[in-house]
C-alpha cells in the first residue's frame, strides 16, 4: 500500500490518528501479560520501521528511474515498440489518398493495413517531412 501524499495540511489529522491508535494499542496491551505485550509491541514497532524503510526505498527507486528515463529521452532514446516497416508502394498510396484520388479505407486496404494504422503512418511520414508543421 504505497503512500506518496506529501500534504502538510494532513499532518495534524495524521498526528491525531496516530495518538488514537497508540491509546487503543496501549489499552489492548494492558490486558495482556507484560512479556507478551512487550513482544507484540516490539513486533509492531519492527514492522512499522520495515514498512517505512521499504516505502523510502521504493520512492528512491522511482526517483532514480525517473532521472534515468529523462536522461535517456534527452539523449534521443525512443521507448516502446518500434514502428513496423511500411509496405511497398505506401508513398504512392499516401499521395493518392491526400490528393483525394482514393479514400482512406481504399488506401489502407491497398497497403494491407488497418485504416487507423495507415492514418498514423501517414501522419508520421508527413511530420518527418515537415517538422515545423
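In the numbering used here, the protein residues as written are 27 to 159. Here a beta-carbon is modelled for each residue, glycine too, at the ideal position from N, C-alpha and C.
Asked, Found
"By the three-class DSSP mapping on this structure, what secondary structure does residue 103 have?", "coil"
"Measure the C-alpha to C-alpha separation of residue 61 and residue 67 and round it to an integer number of angstroms.", "10 angstroms"
"Tell me which residues share the same chain as residue 144 and place their Cβ nearer than 7 angstroms to its Cβ, disregarding the 5 neighbours each side in the sequence.", "130, 133, 134 and 137"
"Measure the CB-CB distance between residue 55 and residue 63 and report whether it falls below 7 angstroms.", "yes"
"Can you tell me the Cα-Cα spacing of residue 53 and residue 42, whole angstroms?", "17 angstroms"
"If you draw a straight line from the alpha carbon of residue 92 to that of residue 85, how long is it in whole angstroms?", "11 angstroms"
"Is it buried or exposed, residue 58, if we count other Cβ atoms within 10 angstroms and call 16 or more buried?", "exposed"
"Less than 7 angstroms between C-beta atoms, sequence neighbours within five positions excluded: which residues of the same chain meet that for residue 27?", "Note that residue 27 scores a pLDDT of 48, beneath 50, so its modelled location is shaky; the value from the coordinates is reported in the next line. Cβ neighbours of residue 27 beyond the five flanking positions: none."
"Pick helix, strand or coil for residue 27, following the three-state DSSP scheme.", "For residue 27, the predicted structure reports a pLDDT of 48, less than 50, and the residue's modelled location is therefore unreliable. A value from the coordinates is still provided. Looking at residue 27 - three-state DSSP - the assignment turns out to be coil, as it is neither helix nor strand."
"Taking residue 117 as part of the alpha helix (DSSP H), name the residues at either end of that continuous run.", "116-124"
"Are the stretch 95-106 and the stretch 116-123 in contact at 8 angstroms, needing three or more beta carbon pairs?", "no"
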